[in-house]
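Here is the structure we will look at.
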């Protein structure tokens, strides 16, 4: 039976992906898409940890 989700430990939310027009196409380092990829990696790691805590 699934456990109730604690309000003290909410599920991580994914980052909002940038729109194509958000990029200025001038070769920025880091690019907005690089920043999004980094945020997505952090989200996936946080989600995996959160899921482990929900199994307890």
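Numbering (UniProt numbering), first residue to last: 1 to 56.
Just so you know, even glycine gets a beta-carbon here, dropped at the ideal spot from N, CA and C.
Source: prediction; values computed, not measured.
1) Counting only runs that start and end within the stretch 6-42, where is the beta strand (DSSP E) found for 3 or more residues in a row?
2) Could you work out which residue in 22, 16, 20, 51 is closest to residue 38 when comparing CA atoms only?
3) Do you know how far the Cα of residue 20 is from the Cα of residue 33?
According to the structure shown:
1) none
2) Distance check between residue 38 and each of 22, 16, 20, 51 places 16 closest, using alpha-carbon atoms only.
3) 9 Å
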